[in-house]
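Have a look at the structure below, then the notes.
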Amino acid sequence: MRLSVRLTADSVEKAIREVKQYKKRLQANADELSRKLAEDGAKLASAKVREVATYGNLNDIAASIHPQKKSSGHWIVIADNFKAPYVELGTGVQGSNSQHPKSAEMGWAYMTGDFTWYNGKFGWWYPTTPDDPNTTLTQTENGDWVAFTSGMPARPFMHETAMQLKETVYSTALEVFKNDKG
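With the first letter of the sequence shown counted as 1, position 151 gets the number 163 in the numbering used here; the numbers rise by one all the way through.
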């Protein structure tokens, strides 16, 4: 923004009006930039979570990823599927061997709870359904279905999305702000 002001009351008042208009445009552009980054982030995170699916698919997590405007006016990318944090951060023995880059910062702990030894591995039995593809699937005496796991490695699809978005902030800002007339 470039202002030219003469030292007259009218010129100063005009400059004040222009600054106020610029402030409104600046806020609108900043909001648009935040929205655009969140939309791009949601698309990117959905694609990334599909890429990291090492067994079955993670379409349910991908479908839960969306941009969301917070009451503060900030935009975020959210994955509101209950499995998302486990995929992002990893769990158990496998997770502890491939930790998420921000796990300590987020207070995520690996190797918590009770473990058992089964088939040469540490892990735990989890409740499941008869259609679980886990080859250790077993029905208990009381009819419940369980399967054994050693956890899963961290697959930081949201973290990678954030890192990739950081690389595009400048070009996205140029795109959003290029049409600003002022």
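Where is the CB? At the ideal position from N, CA and C, for every residue including glycine.
Predicted model only: the values in this text are computed from it and were never measured.
Test item: CB-CB of residue i and residue j under 9 Å
i, j, result
"Glu-100", "Phe-160", "no"
"Lys-95", "Leu-70", "yes"
"His-78", "Ser-46", "no"
"Thr-128", "Gly-135", "yes"
Cβ-Cβ separation, residue j to residue i (assumed contact under 8 Å), whole Å
i, j, result
"Val-188", "Asn-41", "6 Å"
"Thr-103", "Gly-163", "4 Å"
Range of the contiguous alpha helix (DSSP H) that encloses residue i
i, result
"Val-99", "96-101"
"Lys-133", "Not the alpha helix (DSSP H): Lys-133 falls in the beta strand (DSSP E), residues 133-140."
C-alpha distance - residue i paired with residue j, whole-angstrom precision
i, j, result
"Leu-38", "Met-123", "48 Å"
"Gly-132", "Leu-177", "42 Å"
"Glu-153", "Thr-147", "18 Å"
"Thr-173", "Arg-167", "12 Å"
"Lys-51", "Ile-88", "The amino acid occupying residue 51 in the given sequence is Glu; Lys does not appear at that position. Distance between the alpha carbons of Glu-51 and Ile-88: 9 Å."
"Leu-19", "Ala-27", "11 Å"
Minimum Cβ-Cβ distance from residue i to chain C less than 9 Å
i, result
"Tyr-34", "Among the chains in the structure shown there is no chain C, since it carries only a single protein chain."
Start-to-end residues for the beta strand (DSSP E) that takes in residue i
i, result
"Val-240", "Given that the chain is displayed from residue 13 to residue 194, the structure contains no residue 240 and the question cannot be resolved."
"Gln-80", "77-81"
"Ala-166", "Ala-166 -> no beta strand (DSSP E), and no H or E assigned at all."
Buried versus exposed, by CB contacts within 10 Å (16 or more), residue i
i, result
"Trp-120", "buried"
"Gly-125", "exposed"
"Val-181", "exposed"
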